[in-house]
Amino acid sequence: MKLRRIIGVLLCLALCLGMLSGCGGEKRYSGEFYGAFDTVVIVTAYCASQEEFDGLFSQTEEELLRLSRLYDIYVPYEGVTGLYQLNQKAGQGPVEVEPEVMELLLFARECYDRTGGVVNVAMGSVLSIWHEAREQAAEEPEKAQLPSQEALSQAAEHCRIEDLVLDEEAGTAELRDSQMSLDVGAVAKGFAVQRVTESLMESGYENFVISAGGNVQAQGAPPEKEGWSVGIEDPQQAGELIDTVTITSQAVVTSGGYERFYTVDGERYHHIIDPETLYPAQRMLSATVICDDGALADCLSTALFLMEPEEALEFARSQGALAILVTLDGQVLDTQEK
Ligand code: ADP
Ligand code: MG
7 MKLRRIIGVL
17 LCLALCLGML
27 SGCGGEKRYS
37 GEFYGAFDTV
47 VIVTAYCASQ
57 EEFDGLFSQT
67 EEELLRLSRL
77 YDIYVPYEGV
87 TGLYQLNQKA
97 GQGPVEVEPE
107 VMELLLFARE
117 CYDRTGGVVN
127 VAMGSVLSIW
137 HEAREQAAEE
147 PEKAQLPSQE
157 ALSQAAEHCR
167 IEDLVLDEEA
177 GTAELRDSQM
187 SLDVGAVAKG
197 FAVQRVTESL
207 MESGYENFVI
217 SAGGNVQAQG
227 APPEKEGWSV
237 GIEDPQQAGE
247 LIDTVTITSQ
257 AVVTSGGYER
267 FYTVDGERYH
277 HIIDPETLYP
287 AQRMLSATVI
297 CDDGALADCL
307 STALFLMEPE
317 EALEFARSQG
327 ALAILVTLDG
337 QVLDTQEK
């Protein structure tokens, strides 16, 4: 009788502990850092111990920071030869690049082909004009100005993706037009988070989610859950959600015009530029993509944001991706609706 009571108590204790810590004794840990891709990165994981989480966290931080420096086009870092240096050497022949730069550029070129050229990393000359206008406006809002049409049209002459020449065997990249430059903002963060996810899995981590700005990438699922729950922000109301999706081994990436913009004469001008008009796209408030690959999700979310809503839904379906769009008038459209 006594033995049964003891067993009963032990069983109860085990159950309680199990509920506290999830199955397999794994607990939820979370941490964040700033410095990669100009955004806060939040890492959440289920791990057996604090030490295990610390390993996962520092690997994520180290690798994302390294990639972010390689892909930065605005700031040169000591000891790093990345896209900043490549842009500086435009028109000066082939430049030796790190394997991670080569891989990103190969992917970016593929992205151009997939999206019919709407996502074009060779558009740096045009994008930098908008970037400068935004930066100036941030310093002196009352002096905010639109770029001159002439400067935009002139820059648009130097955006040919064919002038980005990649030699995989030699490990070199070349910008054939001395006035061109690369801007990988549309794809680099997703590409980097995808790479780091793969590297964490190679290190044996199985259950985590990395959230970097509008990019969320998950692996595994919390104990006794189907997947990680990810909220999709309402572009019209900060902090509110329009939807929640559950993902496992997938990425959710949102592109929107509601976070990075500046204002001229009461009109907002955001950072995703239509290659046809050379102006911020005016079709969507936000475009969210859910698919297995985080790099593709990033490429597609920017592409969908640049398309007409119906065309965007069809395109997402053709790419095997789920999409949730918020149109200019606030309507929510979704690939699952027919
Ligand atoms: P975010 O950087 O806000 O996460 P996106 O993935 O949509 O959002 O990328 C936007 C960035 O992509 C811009 O800041 C700019 O650097 C770049 N960009 C803007 N328009 C284009 C375009 N048509 N093609 C390629 N890159 C673009
Ligand atoms: Mg993108």
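Residues 7 to 344 in my numbering are what the sequence shown lists, from first letter to last.
No residue lacks a Cβ here, since even glycine has one placed at the ideal position from N, Cα and C.
Would a C-beta distance cut-off of 8 Å place residue i and residue j closer than the cut-off?
| i | j | result |
| --- | --- | --- |
| G237 | T254 | no |
| Q263 | L291 | Note on residue identity: the sequence assigns Gly, not Gln, to residue 263. Cβ atoms of G263 and L291: closer than 8 Å. |
| T178 | V103 | yes |
| L172 | L92 | no |
| A144 | Y268 | yes |
| F321 | I278 | no |
| E58 | V47 | no |
| A42 | L71 | yes |
| V127 | V86 | no |
Provide the residue span of the beta strand (DSSP E) that contains residue i, from first to last.
| i | result |
| --- | --- |
| V171 | 170 to 173 |
| V132 | Where V132 is concerned, there is no enclosing beta strand (DSSP E), although the alpha helix (DSSP H) it sits in stretches over 130 to 145. |
| Q223 | 221 to 225 |
| E180 | 178 to 181 |
| L319 | That residue, L319, is in no beta strand (DSSP E); its alpha helix (DSSP H) goes 315 to 324. |
| Y268 | 267 to 270 |
| L306 | Per DSSP, L306 belongs to no beta strand (DSSP E); it is in the alpha helix (DSSP H), 300 to 311. |
Any idea if residue i is buried or exposed, counting beta-carbon neighbours within 10 angstroms, 16 or more meaning buried?
| i | result |
| --- | --- |
| A176 | exposed |
| L247 | exposed |
| Q242 | exposed |
| L334 | exposed |
| Y90 | buried |
| A260 | Checking the sequence shown, residue 260 turns out to be Thr, not Ala. It counts as buried. |
| Q256 | buried |
| L23 | Per-residue confidence for L23 stands at a pLDDT of 42, beneath the threshold of 50, marking its modelled position as unreliable; the derived number appears in the next sentence. Per the 10 Å Cβ criterion, exposed. |
| S74 | buried |
| T250 | exposed |
| V81 | exposed |
| C29 | Only weak support is given to the placement of C29: the predicted model assigns it a pLDDT of 45, under 50, and the value that follows is read from those uncertain coordinates. When all chains shown are included, C29 counts as exposed. |
| S159 | exposed |
| G99 | exposed |
| S217 | buried |
Which residue wins for smallest C-alpha separation from residue i, given the options the options?
| i | options | result |
| --- | --- | --- |
| D78 | D44, S131, M313 | D44 |
| Q337 | A322, P315, F321 | P315 |
| A224 | G191, Q200, D249 | Q200 |
| Y211 | E38, S64, V46 | S64 |
| S209 | V86, T66, R166 | T66 |
| A198 | L76, S159, L331 | L76 |
| V125 | C297, I167, G61, P228 | I167 |
| Q94 | V251, E146, Q185 | Q185 |
| T355 | L170, R72, E156, G61 | Given a span of 7 to 344 for the chain in the structure shown, any question on residue 355 remains unanswerable. |
| S307 | G61, A54, T294, V101 | T294 |
Would you mind giving the Cβ-Cβ distance between residue i and residue j, rounded to the nearest angstrom? I have them listed as a contact below 8 Å.
| i | j | result |
| --- | --- | --- |
| A303 | T121 | About 13 Å; that fails the 8 Å criterion. |
| Y52 | N221 | Not a contact, Cβ separation roughly 21 Å. |
| P281 | G123 | 7 Å |
| A301 | V215 | Rounded, the Cβ-Cβ distance is 17 Å, inconsistent with contact. |
| S131 | H164 | 5 Å |
| G97 | L181 | 7 Å |
| A162 | P153 | About 11 Å; that fails the 8 Å criterion. |
| L331 | A318 | 6 Å |
Over what stretch of residues does the alpha helix (DSSP H) that includes residue i continue unbroken?
| i | result |
| --- | --- |
| K367 | Residue 367 is absent from the model: the chain starts at 7 and stops at 344. |
| M108 | 105 to 120 |
| D60 | 56 to 77 |
| G262 | Run containing G262: none in the alpha helix (DSSP H); it sits in the beta strand (DSSP E), 257 to 262. |
Any heavy atom of ligand 3 within less than 7 Å of residue CB: hits in chain order: The model on display carries ligand 1 and ligand 2 but not ligand 3.
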